[in-house]
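There are 2 protein chains.
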Amino acid sequence: MVRRKIEIKLIEDDAKRHTTFTKRRKGLEKKTKELCHLCDAEGAIIVFSRAGNVYACGNPAVNVIVDRYLALAEDNGGEDRVHGDADEEEAAPPLTEMEKMIVEAIEGGRLAWEATVRNLGLSELAELESLVEEAKRKVAARAREVVASGRGDIPDGGI
Amino acid sequence: MVRRKIEIKLIEDDAKRHTTFTKRRKGLEKKTKELCHLCDAEGAIIVFSRAGNVYACGNPAVNVIVDRYLALAEDNGGEDRVHGDADEEEAAPPLTEMEKMIVEAIEGGRLAWEATVRNLGLSELAELESLVEEAKRKVAARAREVVASGRGDIPDGGI
DNA sequence: GCGGCTATATATAACTA
DNA sequence: TTAGTTATATATAGCCG
């Protein structure tokens, strides 16, 4: 894909293969997140390297996606590829409203604390309150950092 | 990515969002397969559209990948120890206490304030800061509410 | 082995049929 | 809608430090 086109076949050289694995895996993760953000979708990617290491990332969480997939797969006989097609858009959201809000709040950078907070108990509230305090400090610190560096743009292609 | 750059934010228009979803999903599937072939890896990608439809593909099979993932996740007490996760790598700063606590307090999912904040520009920071402020007020308000009602449990399952 | 740095190969947003 | 087309934005293979 770049300075020279390559065939999609096993890369024999260990070092090269590992480098490619790392780069492409990161690219996949980035694109997975982009898809979720752009389309209000939820997904996860799980990859096992040849060495057996696991790399997974997902929105809202890999476990959530996996569990839901398994639940549906049972109904479908566990096919390699499940389809639901695109005609009946606007079906019931798979996630609860609260989950969606949290996802949006956190992943999308927009907060919907109202609903989130409403579902917390006393202990969680106390904990969360201090966390919010801390979060505020970090945001402020980062803001100063940005101002100090004289830049107001986004450092890298971050999502 | 093309005739005009777009920001990675929810696409409001239904038709456009769906088109993008389809194209990007296919692109992801293609790249997932390429990664597997190039690096002798095994992986799967699972995506739920907003409508709740599932799209999954993997090598050797989604179920195999999913099962192996779950087996590993169990040994590790969840996905916390799994390599890649949300917005940044494990290589980067480890989870802060704040992150861990928020994760626990809210959903058991994951987020990475540190990484998120690090990728924000000035305007986004300003916005986030005010949101954090607001969140703090709401948490406090809710805390008083809970105390007043003499209960510390969760109102109801939904929202 | 990681983090840049290009030069290309791909992916894909907007458009058209 | 569901496909092609095209012009750009991204991803990334091969190198370096």
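Respectively, the protein sequence lines represent chains W and E. Just so you know, the first sequence maps onto residues 442 to 600 in my numbering. Just so you know, the second sequence maps onto residues 442 to 600 in my numbering. Heads up, the beta-carbon is just placed ideally off N, CA and C, and yes, glycines get one too.
(request) State the Cα-Cα distance for the pair ASN494/W and GLU448/E, rounded to the nearest angstrom. (result) For the pair ASN494/W and GLU448/E, the Cα-to-Cα distance works out to about 33 Å.
(message) With distance defined between alpha-carbon atoms, name the residue in SER490/W, ALA482/W, GLY499/W nearest to LEU451/E.
(response) Among SER490/W, ALA482/W, GLY499/W, the Cα nearest to that of LEU451/E is on ALA482/W.
(message) Please classify ARG465/E as buried or exposed, where buried requires at least 16 other C-beta atoms within 10 Å of its C-beta.
(response) By the 10 Å Cβ count, ARG465/E comes out buried.
(request) Could you pull the start and end residues of the alpha helix (DSSP H) that GLU475/E belongs to? (result) For GLU475/E, the uninterrupted alpha helix (DSSP H) segment begins and ends at 455-480.
(message) Could you check whether the Cβ of ALA456/W sits closer than 9 Å to any Cβ belonging to chain E?
(response) No, no contact with chain E.
(message) One question on the structure: do ALA514/W and GLY499/W come within less than 9 Å of each other, judged by their Cβ atoms?
(response) For ALA514/W and GLY499/W, no; Cβs fall outside 9 Å.
(message) Against chain W, with Cβ distances strictly below 9 Å, would VAL503/E count as a contact?
(response) So, interface residue.
(request) Taking only the alpha-carbon atoms, compute the straight-line gap between LYS467/E and TYR496/E and give it to the nearest angstrom. (result) Each residue's Cα considered, the two are about 10 Å apart.
(message) Just to make sure I have the definition right: I need the residues of chain W whose C-beta is within less than 7 Å of the C-beta of VAL443/E. Which are they?
(response) Simply none; closest approach about 13 Å.
(message) Could you check whether the Cβ of LYS474/W sits closer than 9 Å to any Cβ belonging to chain E?
(response) At a cut-off of 9 Å between beta-carbon atoms, LYS474/W makes contact with chain E.
(request) Would you check if the distance between the CB atom of CYS480/W and the CB atom of HIS478/E is smaller than 9 Å? (result) No, these two residues do not count as a Cβ contact at 9 Å.
(request) With 9 Å as the threshold, decide whether the Cβ of LYS450/W is near any Cβ in chain E. (result) Cβ-Cβ to chain E under 9 Å: yes for LYS450/W.
(message) Can you tell me whether PRO501/W is buried or exposed? The criterion is at least 16 other CB atoms within 10 Å of its CB, across all chains shown.
(response) Buried, since its Cβ has 16 or more Cβ neighbours within 10 Å.
(message) Rounded to the nearest angstrom, what separates GLU453/W and VAL503/E at their Cα positions?
(response) Near 25 Å, if we compare the C-alpha coordinates of VAL503/E and GLU453/W.
(request) Let me know if VAL488/W comes out buried or exposed under the rule of 16 or more other beta-carbons within 10 Å of its beta-carbon. (result) Buried, since its Cβ has 16 or more Cβ neighbours within 10 Å.
(request) Compute the Euclidean distance between the alpha carbons of ASP604/E and LYS472/W, then round it to the nearest angstrom. (result) With chain E covering only 442 through 600, there is no way to say anything about residue 604/E.
(message) With H, G and I counted as helix, E and B as strand and the rest as coil, what does DSSP make of GLU483/W?
(response) It is a strand residue.
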